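Mind the numbering: the sequence shown is residues 1128 to 1449 in my numbering, read in order.
Heads up, the thing below is written out as structure tokens.
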Amino acid sequence: MRAMQFERFGGPEVLTEAAVPEPVAGPGETVVEVEAAGVNFGDIKQIAGEQPDGPYAPKGPLPRIPGMEVVGRTADGRRVLGHVLQGGYAERTVVAERDLVAVPECVSAGEALAVLIQGLTAWHLLRSVARIRPGESVVVHAAAGGTGSLAVQLAREFGAGRVIATASSEDKRAFALELGADVAIDGEARGYRERVLAANGRRPVDIVLDAIGGPVLDAALDTLGYLGRLVTYGASARQPASAIAPSRLAVDSLTVAGFWLTPLLLREGAGGAPLEELLDLTARRRLRPLVGGEYPLGQARQAHEDLLARRTKGKLILVPQN
């Protein structure tokens, strides 16, 4: 069968198309005929050889096939969405049954792939970590991105009283408003506190979802009210935040928490109620996953280059049949 693989670690240039042996399912696994595979920054980390001992680390000797998520069909005809540690960039791959969930026919492959990593992350940020309550105010950083755009919509779906989006450009802020944010503001650290408080009627906020880190995280902490929660799940600013003194948290009983989806998937599997809920919301058009470019499988290198260059918006997918 056809697959994209890498024989050495490096950038997108190490990806090459090859004929590889058919995958064989073991106990508790099934072979999936791939309709489309999702493209993630985690795939880029895999082929770069980053975090050799972490969850993104591919297993086994080189060459390896990257790809962590697929939509496709099983031999008995089920259309499924599945999470894999590697092997998604291929015409067929093996997925553990606990990592599969049924996909409604009315949900496109791109929409389904968008809710697996990014959607589950947004769901757990709000439900499992921040534990959102009806009527609370929620600030979503990078609100036009894959996770942020879904977090804006889910915050509204889960009963937020006010959703405040931050984004770096007018176009992105306009998009966040289309998704259901009550207000969209510049997310720059300078003047952040004043803009957020003004957007919330001069009141402190309840929840901040932060994927930026650095000075923005520091500024966001100063916008939280009593029992406020800040959840960090990324550091795109690539700058350190200042040390958070326990006394600073204690005064208003604040919580600063972190979240990373991959360890949760390794512990519990991808299948289950949260992913089923996300797919159902998508099928009923209450959730609008952001779908970007579609590439033939053989153009995986180009997809990675476009992702690294920030030339795309939304979920990128690879289609073996193209």
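Note that beta-carbon positions come from the ideal geometry of N, C-alpha and C, so glycine has one too.
From a predicted model like this one, the values you see are computed outputs, not experimental measurements.
C-alpha gap between residue i and residue j, whole angstroms
i       : j       : result
Asp1333 : Val1358 : 11 Å
Ser1363 : Pro1342 : 11 Å
Ile1244 : Pro1373 : 32 Å
Ala1316 : Ser1369 : 13 Å
Thr1293 : Val1222 : 37 Å
Val1151 : Asp1345 : 49 Å
Gly1209 : Arg1129 : 19 Å
Arg1320 : Cys1233 : 42 Å
Gln1366 : Ala1347 : 15 Å
Ala1301 : Ala1308 : 9 Å
Gly1153 : Pro1139 : 31 Å
Glu1404 : Ala1410 : 10 Å
Glu1421 : Arg1438 : 13 Å
Ile1259 : Gly1385 : 15 Å
Gly1425 : Pro1261 : 46 Å
Leu1408 : Gln1280 : 10 Å
Pro1423 : Thr1350 : 45 Å
Ala1377 : Lys1440 : 39 Å
Pro1188 : Phe1136 : 12 Å
Ala1303 : Leu1443 : 19 Å
Val1451 : Ile1171 : Any answer about residue 1451 is impossible in this case: the structure gives the chain only from 1128 up to 1449.
Ala1436 : Arg1428 : 12 Å
Leu1381 : Arg1206 : 44 Å
Glu1149 : Val1323 : 53 Å
Gly1328 : Leu1402 : 34 Å
Ser1255 : Trp1387 : 12 Å
Val1141 : Leu1354 : 48 Å
Ala1166 : Gly1204 : The amino acid occupying residue 1166 in the given sequence is Val; Ala does not appear at that position. Cα to Cα, the separation comes out at about 24 Å.
Glu1177 : Gly1340 : 21 Å
Pro1416 : Asp1298 : 18 Å
Residue of the options minimising C-alpha distance to residue i
i       : options                               : result
Arg1200 : Arg1412, Thr1157 and Asp1170          : Thr1157
Glu1162 : Gln1132, Gly1215, Ile1192 and Thr1439 : Gly1215
Glu1395 : Leu1227, Ala1146 and Pro1193          : Leu1227
Thr1224 : Pro1231, Arg1438 and Ala1397          : Sequence inspection shows Glu at residue 1224; the Thr mentioned does not correspond to that position. That would be Ala1397, whose Cα lies nearest to the Cα of Glu1224.
Ala1175 : Gly1165, Pro1193 and Gly1273          : Pro1193
Leu1445 : Ala1430, Arg1437, Arg1438 and Thr1439 : Ala1430
Leu1414 : Ala1427, Ala1249 and Gln1173          : Ala1249
Tyr1360 : Asp1298, Arg1412, Asp1170 and Val1383 : Val1383
Pro1447 : Val1159, Leu1212 and Gly1137          : Val1159
Arg1412 : Ala1377, Leu1306 and Pro1148          : Leu1306
Ala1202 : Arg1219, Met1195 and Pro1148          : Arg1219
Thr1143 : Glu1297, Pro1416, Ala1164 and Ala1217 : Ala1217
Ala1400 : Ile1371, Val1242, Arg1428 and Lys1440 : Val1242
Gly1237 : Ala1164, Leu1381, Leu1324 and Glu1149 : Ala1164
Val1285 : Ser1296, Glu1177 and Glu1263          : Per the sequence shown, the amino acid found at residue 1285 is Phe instead of Val. Of the candidates Ser1296, Glu1177 and Glu1263, the one whose C-alpha sits nearest the C-alpha of Phe1285 is Glu1263.
Contact set for residue i: own chain, Cβ-Cβ below 6 Å, skip 5 residues either direction
i       : result
Val1265 : Ala1282, Ala1287, Val1290 and Ile1334
Residues near residue i by beta carbon distance below 8 Å, same chain, minus five either side
i       : result
Ser1235 : Val1418
Phe1168 : Leu1434
Gly1352 : Arg1330, Pro1331, Val1332, Asp1333 and Asp1379
Gly1155 : Ala1223, Glu1224 and Arg1225
Gly1318 : none
Ala1338 : His1268, Ala1269, Gly1272, Thr1274, Gly1275, Thr1359, Tyr1360, Gly1361, Ala1362 and Ser1363
Gln1463 : No answer is possible for residue 1463: it lies beyond the span of the chain, which begins at 1128 and ends at 1449.
Ile1371 : Leu1348 and Val1383
Same chain, Cβ closer than 7 Å to residue i, neighbours up to 5 away in sequence not counted
i       : result
Pro1190 : Gln1132, Phe1133 and Glu1134
Ala1239 : Val1198, Leu1208, Val1230 and Leu1406
Ala1278 : Ala1249, Leu1252, Leu1253, Val1267 and Leu1336
Ala1145 : Ala1130 and Gln1132
Ala1326 : Ile1291, Val1310 and Ile1312
Leu1392 : His1210
Glu1432 : Pro1139
Beta-bridge partners of residue i, as assigned by DSSP
i       : result
Gly1385 : Thr1359
Leu1145 : Note that residue 1145 is Ala in the sequence shown, not Leu. Ala1130.
Val1265 : Val1290 and Ile1334
His1210 : Glu1196
Thr1350 : None; Thr1350 has no bridge partner.
Leu1445 : Ala1164 and Tyr1422
Asp1313 : Ala1294
Val1228 : Leu1208
Nearest-angstrom Cβ-Cβ length linking residue i and residue j, presumed shorter than 8 Å
i       : j       : result
Ala1257 : Arg1356 : 5 Å
Gln1247 : Leu1336 : Position check: residue 1247 holds Leu in this sequence, whereas Gln was assumed. Wrong, their Cβ atoms sit about 14 Å apart, outside the cutoff.
Gly1314 : Ser1295 : 6 Å
Residue-level contact to chain D via CB, residue i, 8 Å cutoff
i       : result
Pro1390 : No chain D appears in this structure, which consists of one protein chain only.
Distance cut-off 7 Å: residue i Cβ against heavy atoms of the ligand NAP
i       : result
Arg1219 : This structure lacks the ligand NAP; in fact it carries no ligand of any kind.
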